[in-house]
Every structure is written in structure tokens, then in C-alpha cells.
Amino acid sequence: MASKKKKTTPEQLKYQQLQQKHELKRPVLKNCIKAFFVGGLICMICQAVSFFYIYYFNFTEQTAGNPTVATMVFFSMLLTGFGVYDRLGQFAGAGSAVPVTGFGNAVISAAIEHRTEGLVLGVGGNMFKLAGAVILFGVVSAFFVALIKTLLGVWGVL
Amino acid sequence: MLQGHQSWIFANRPMIKATGVSGGPFEANGNLANEFDLLHEDLWMGEETYEKAHRVLLEEAMHAALSKVDCQKEEVQFMMAGDLINQLTPSNLAARTMQIPFMGLYGACSTSMESLALASFIVNYQGAKRILSGASSHNAAVEKQFRYPTEYGGQKPPTAQWTVTGAGVALVCENDGTKGVPVTTSATIGKVVDMGITDPFNMGGAMAPAAADTIIAHFRDRQIEPSYYDLIVTGDLGRIGQKATYELLINSGLKINSNQFKDCGLLIYKDNQPVQSGGSGAGCSATVLYGHLLNQMKKGIYSKILVVATGALLSPLTFQQDESIPCIAHAVAIETEGGME
């Protein structure tokens, strides 16, 4: 395999330094604070929903996860459809992208976007174009974590 | 006539007899809303898909230009247009409706000046009496192709730019001696410049060297000073690209004044609109030039301007394959007939 990084010529380097001076930087600290609070708020709502399922239905702390996730994804889909979630995303960044609501947004936004190309090839073929990578690497990493846990159990470490 | 290395002089001074400009809801809330012929309050524009809505923008701009001078589409020899969508779909669809012999052009956001330069060249040498030349973009259709779904909640960095929903069209005609009509006098075709910028959310920064290269070439070829023009306006460099271009021009020894150097991407929207570094897209330079700037020329505020439309020639594929962003810029000089010589 050839090296992916091409050599930068001195002329390119000189311009890139000039450009760096003018480039507007991401306000990292401000973004982190906003992400912390919005992300925290979303998780707090999740916790409330989870308690709701435990107290009003026959769910335990272990089993309440599934209906909670489904409810939150449903809410995020509604917000995406009403055109609110992308604005929240611009404000909160990772705060609204990392929780499960961000996953729901990635799925439904792609589905809405490609509705014009039909249900099968459009919605079906493109729904997971953003979230597909999350599912793939999520499942693969879960497999390896479970494998390590099992092996540690067999060896008597855990 | 070729002058210098890469510039044309249009001795017969083709006229921009009429222009048509259409826009979307975001532009209607912008800084230049009054300069549009037609504005839509809905991104769908009564169509089923964004691509079809994109086509409507271009068709309406063309009809607007033709109706201003009572010209029938049968009297137009050629149509030259382009956009940012794969295979120039919206322009092709509009050409199907218009039934005017068609040449599709792709220069990303520099398409507006690529097509005006070529149209002027053809008209200048009697290749046509009338040519419709234009460019268009549609925010949602372009985002769909180049970036994420429109409703996806990803955070855009402050270097990102907002794709203009709009089309700008010029009816380029043989000069019939009418006074006060803008004419094209020269053009400089740019070369592709790549300074190794890879961030697709910083297109202004990537395009700046191409803009500077074409501007420097224009003044070298034409052997004039920047003070010849009242205004040198770039297409969609945005905040970062404009500052970088200005610095490159100053470093090259060109005596350019910051007051005479503007950017369409910074003119079109209000400061409080969430567009990060400014407007962009093939429709950006086309709507601002054919609407706002030519109106200003007709009012006599400017009599000589140089329009430099810049284009980032990236694709979603090249970005994923770790290519840097190749960029280009084309310049066309527009003067008002009867203006001071």
C-alpha cells in the first residue's frame, strides 16, 4: 500500500501557515461545556423515563433499558422530523450526538432525506448510511469486550 | 483576442442586456432580498424533490431575464449553465424545458464566471447573437450530495459556509450601442491550484490561493493596476478565504485597497443569520452579481468591476480517498457602457 499522506511542498506549507492565521478555531471549551450540560440533560430525561417504566410497569432496573431507549429514539425522531434536532445539534455538538437520541437522529434524518428516491432504494438503501458504521463497530467491539470478559472468567481473574 | 498568457479581451464589448435572479427562503431573510426577481418561501418550491426544485430556480431566473427585454426563448442561440449536482441534473432538466441549444459547464462555484466568460467570447466573435448564461445551487440538494442529510444534527465548525439557494442568469447579447448597459470587456481563465488543504468544512481557506492566482494573472496579462477597477469582488471565499486572499495579493506586491475588495458570500446574508463563515455555492456569485452588483452599476455606484468566482473542485469521493481540495477561479471584467474611460 502506498502511503496515504502525500508530501507537502514548501509552497503549500507556506500557504497553510498563512491560512492558519485567518482560520476561525472551534471554541473547544465553550463547546465542551454546552455538550456537557445538554448531554447531561438528555441523560437526566432518560433516567426519568427509566424510573417511569420501573414504577408504573413491571420493569426492573436491568430490563427498563430497552423501553427507555425506544422511547428516547422515538422522541428524537419526532424532533428530527419537526426540524428541531439539527438546530440542537449545532448548539450542543457531542452533547446531542453521543446519547442514543443522536443515533436515532442519524437514522431518521437519512430516511427523510432519501424518501424522494422511493421506499426501497431510497429509504431502505440509505437509512443506515450514517448509523451503519455505529452499528457495525458497536457490535464488533461488544463482541471483543464480551470475549475478553469470558476469557478472564475462565482463567479465574474475574 | 488573447492577451498575455490566459486572458481574453472582448473588443466588441458584449452586453449583459438583462438578468434574472431567483432565491429561496433563507435568501429572502438575507441582506439582498430586494435585489431578487423572485423569492420562494419554501425550499420545495412546490416540487416533489429538491433536485426538481433546483431546476425550477434556474428556469424561473431564465424566464425572468427573457421577460425583462421581451425576448422569446427561440431568439436565444445557446444556453450555458451549470450547478453542483451530479451530472448537472438540474441544469440538464432546465435545458430540457427551455429547448435552447445547451452546453453544460462544471466549475463548481466558479461556474457563473466560466459560463459568462465563454458566452462573452462566443458573442464577441459573432458565434451567437444571444446567449443565456447562468449558474444555480440549492442548499438542501447540495448538502444531500456533499455532506450529511439536512436534518442530521452534526455540529458545523465556524469555518463552514452556507450553500446559497438561488439561480442567477444573464442574457449576453451583441452590443447594439445602448448606453448605460453593463458590458463584459475581458476575462481571465484560471488554473487549478491545490495548496493541500483537506478540510471540506474550510472551502474558503482552500480556494484563496486559486483566487489570488487568477487575480494576479489578470493584472499581469492586462497590464493594468487594481485601481483601474472600482470593485474587485470574489465569489464565495467567506471570512477566512477573503482575508487569506487579501494577504496573498498584498504579499505579491499588488496595490489593492481593502475597500475595493469584497466577497459575494459576505454580502448576501445578514450578520445574525447562522451561516458561519458566509455564503457559498454556484448560485452565490451568480445571484449577487446579476442582482445586487449589476443594479449598483446601473445606478452608477460602480462603473468597472472585476468578478472572480471561485470553485472548490472536490467531490465526496475525493474527500473520502484523502485527496486534498483542488480549486479554481475565473475572472470577468464588467464595465458600464458610457462610463468614464
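Residue numbers (my numbering), protein chains in the order written: chain B, 12 to 169; chain U, 1441 to 1781. C-beta atoms are modelled at their ideal positions from N, C-alpha and C, and glycine is treated no differently.
Residue interval of the alpha helix (DSSP H) (run including residue i)
i, result
"Ser1507(U)", "Tyr1490 to Lys1508"
"Ala1627(U)", "Where Ala1627(U) is concerned, there is no enclosing alpha helix (DSSP H), although the beta strand (DSSP E) it sits in stretches over Pro1622 to Thr1628."
"Val168(B)", "Run containing Val168(B): none; DSSP gives neither H nor E here."
"Pro1542(U)", "Sequence inspection shows Phe at residue 1542(U); the Pro mentioned does not correspond to that position. Element bounds for Phe1542(U): not the alpha helix (DSSP H) but the beta strand (DSSP E), Phe1542 to Gly1544."
"Ile53(B)", "Val39 to Tyr67"
"Lys1683(U)", "Gly1678 to Asn1691"
"Leu89(B)", "Gly76 to Gly92"
"His125(B)", "His125(B) -> no alpha helix (DSSP H), and no H or E assigned at all."
"His33(B)", "Pro21 to His33"
"Phe1659(U)", "Met1643 to Arg1662"
"Gly1723(U)", "Ala1722 to Thr1727"
"Arg1536(U)", "Thr1529 to Met1538"
"Ser9(B)", "Any answer about residue 9(B) is impossible in this case: the structure gives chain B only from 12 up to 169."
"Phe1476(U)", "No alpha helix (DSSP H) contains Phe1476(U), which DSSP labels as neither H nor E."
"Gln1736(U)", "Leu1734 to Lys1738"
"Pro1756(U)", "Pro1756 to Gln1760"
Residue from the options whose Cα sits closest to the Cα of residue i
i, options, result
"Thr1624(U)", "Ser1555(U), Pro1649(U), Ala1581(U) and Ala1600(U)", "Ser1555(U)"
"Asn1697(U)", "Val1728(U), Glu1687(U), Pro1589(U) and Ala1458(U)", "Glu1687(U)"
"Val1582(U)", "Cys1549(U), Pro1622(U) and Ala1771(U)", "Cys1549(U)"
"Asp1661(U)", "Gly1630(U), Ala1458(U) and Lys1513(U)", "Gly1630(U)"
"Cys1704(U)", "Phe1759(U), Trp1602(U) and His1578(U)", "Trp1602(U)"
"Gly143(B)", "Glu128(B), Gly115(B) and Val165(B)", "Gly115(B)"
"Val1633(U)", "Ala1521(U), Pro1541(U) and Ser1764(U)", "Ser1764(U)"
"Leu1524(U)", "Gly1751(U), Val1728(U) and Thr1776(U)", "Gly1751(U)"
"Met1441(U)", "Val1516(U), Ala1557(U) and Glu1467(U)", "Ala1557(U)"
"Thr1459(U)", "Gly1444(U), Leu1498(U) and Gly1721(U)", "Leu1498(U)"
"Ala1580(U)", "Leu1746(U), Leu1733(U), Gln1716(U) and Phe1466(U)", "Phe1466(U)"
"Gly1470(U)", "Pro1756(U), Val1772(U), Thr1727(U) and Pro1589(U)", "Thr1727(U)"
"Cys1767(U)", "Ser1755(U), Ala1773(U) and Tyr1592(U)", "Ser1755(U)"
"Gln47(B)", "Ala105(B), Val118(B) and Met138(B)", "In the sequence as displayed, the identity of residue 47(B) is Phe instead of Gln. Residue Ala105(B) is the option with its Cα nearest to Phe47(B)."
"Glu1500(U)", "Gly1718(U), Met1485(U) and Leu1733(U)", "Met1485(U)"
"Ile1656(U)", "Lys1695(U), Thr1618(U), Met1635(U) and Gln1682(U)", "Lys1695(U)"
"His1480(U)", "Ala1473(U), Gly1463(U), Thr1489(U) and Glu1488(U)", "Gly1463(U)"
"Leu1506(U)", "Asn1526(U), Val1461(U) and Leu1746(U)", "Val1461(U)"
"Phe1586(U)", "Ser1725(U), Asp1639(U) and Leu1729(U)", "Asp1639(U)"
"Met1543(U)", "Ile1571(U), Ile1690(U), Glu1487(U) and Ala1627(U)", "Ile1571(U)"
"Asn1452(U)", "Met1538(U), Pro1530(U) and Ile1562(U)", "Ile1562(U)"
"Leu1478(U)", "Thr1605(U), Val1509(U), Gln1760(U) and Leu1611(U)", "Thr1605(U)"
"Ala75(B)", "Thr91(B), Leu24(B), Pro21(B) and Cys57(B)", "Cys57(B)"
"Asn1699(U)", "Lys1710(U), Lys1683(U) and Asn1712(U)", "Lys1683(U)"
"Lys41(B)", "Phe155(B), Glu34(B) and Gln101(B)", "Gln101(B)"
Beta-bridge pairing of residue i - partner residues as DSSP gives them
i, result
"Arg1570(U)", "Cys1613(U)"
"Gly1785(U)", "Any property of residue 1785(U) remains undetermined from this structure, which presents chain U solely from 1441 to 1781."
"Leu1671(U)", "Ile1745(U)"
"Tyr154(B)", "First, the amino acid is wrong: residue 154(B) is Phe here, not Tyr. BP columns for Phe154(B) are empty, so no partner."
"Lys1702(U)", "Val1673(U)"
"Cys1549(U)", "Gly1547(U)"
"Gly1470(U)", "In DSSP, Gly1470(U) forms no bridge with anything."
"Val1633(U)", "Cys1767(U)"
"Ala1600(U)", "According to DSSP, which records beta bridges pairwise, Ala1600(U) is partnered with nothing at all."
"Ala1607(U)", "Ser1462(U) and Ser1576(U)"
"Leu1442(U)", "Trp1448(U)"
"Gly1719(U)", "Trp1602(U)"
Start-to-end residues for the beta strand (DSSP E) that takes in residue i
i, result
"Glu1775(U)", "Cys1767 to Thr1776"
"Lys1457(U)", "Met1455 to Gly1463"
"Val1748(U)", "Lys1744 to Ala1752"
"Ile1449(U)", "Ser1447 to Ile1449"
The ligand NAP heavy atom lying under 7 Å from the CB of residue i
i, result
"Asn1691(U)", "Looking for the ligand NAP in the displayed structure turns up nothing, as the structure carries no ligands at all."
Partner residues on chain A for residue i, Cβ-Cβ distance less than 9 Å
i, result
"Ser1717(U)", "No chain A appears in this structure, whose protein chains are B and U."
If the cut-off is 7 Å on Cβ atoms, which residues from the stretch 1569 to 1587 of chain U count as contacting chain B, listed in chain order? Answer set for the stretch 1569 to 1587 of chain U: Lys1584.
Using 8 Å as the Cβ pair cut-off and three pairs as the minimum, do the stretch 1659 to 1668 of chain U and the stretch 1636 to 1649 of chain U touch? No, because fewer than three Cβ pairs between the stretch 1659 to 1668 of chain U and the stretch 1636 to 1649 of chain U fall closer than 8 Å, the two stretches do not touch.
Can you pull out the residues from the stretch 94 to 110 of chain B whose beta carbon lies closer than 7 Å to at least one beta carbon of chain U? Taking 7 Å as the Cβ-Cβ cut-off against chain U, the residues of the stretch 94 to 110 of chain B that qualify are Gly94, Tyr96, Asp97, Leu99, Gly100, Gln101, Gly104, Ser107 and Ala108.
Taking a Cβ distance cut-off of 7 Å, strictly less, list which residues of the stretch 26 to 46 of chain B are near chain U, in chain order. Those residues of the stretch 26 to 46 of chain B that come within reach of chain U (Cβ to Cβ, closer than 7 Å) are Tyr26, Gln27, Leu29, Gln30, His33, Glu34, Leu35 and Arg37.
Touching by the beta-carbon criterion (3+ pairs, under 8 Å), the stretch 1481 to 1497 of chain U and the stretch 1647 to 1662 of chain U: Fewer than three beta-carbon pairs drawn from the stretch 1481 to 1497 of chain U and the stretch 1647 to 1662 of chain U are found closer than 8 Å, and the two stretches are therefore not classed as touching.
Residues within the stretch 1638 to 1670 of chain U neighbouring chain B, beta-carbon criterion of under 8 Å: Within the stretch 1638 to 1670 of chain U, the qualifying residues are Asn1642, Gly1645, Ala1648 and Pro1649.
Three-pair Cβ contact test at 8 Å for the stretch 1570 to 1577 of chain U versus the stretch 115 to 127 of chain B: Taking one beta carbon from each stretch, the stretch 1570 to 1577 of chain U and the stretch 115 to 127 of chain B have fewer than 3 pairs nearer than 8 Å; the two do not touch.
Note down, in chain order, all residues in the stretch 117 to 131 of chain B with a beta-carbon under 7 Å from any beta-carbon belonging to chain U. The stretch 117 to 131 of chain B vs chain U, Cβ under 7 Å: Ala117, Ser120, Ala121, Ile123, Glu124 and Thr127.
Does the structure place the stretch 1673 to 1688 of chain U close enough to the stretch 1706 to 1721 of chain U that three or more beta carbon pairs sit under 8 Å? Segments in contact, yes.
Cβ-based contacts, 9 Å cut-off: residues of the stretch 1587 to 1600 of chain U near chain B: Going along the stretch 1587 to 1600 of chain U in chain order, one finds Tyr1588, Pro1589, Thr1590, Glu1591, Tyr1592, Gly1593, Gly1594, Gln1595, Lys1596, Pro1597, Pro1598 and Thr1599 with a Cβ nearer than 9 Å to chain B.
Does the stretch 158 to 165 of chain B touch the stretch 1615 to 1623 of chain U, meaning 3 or more C-beta pairs lie closer than 8 Å? As far as the Cβ criterion goes, the stretch 1615 to 1623 of chain U does not touch the stretch 158 to 165 of chain B, which means the pair count is below three.
Listed in chain order, which residues of the stretch 141 to 154 of chain B have Cβ atoms closer than 7 Å to some Cβ of chain U? Listed by position along the chain: Leu141.
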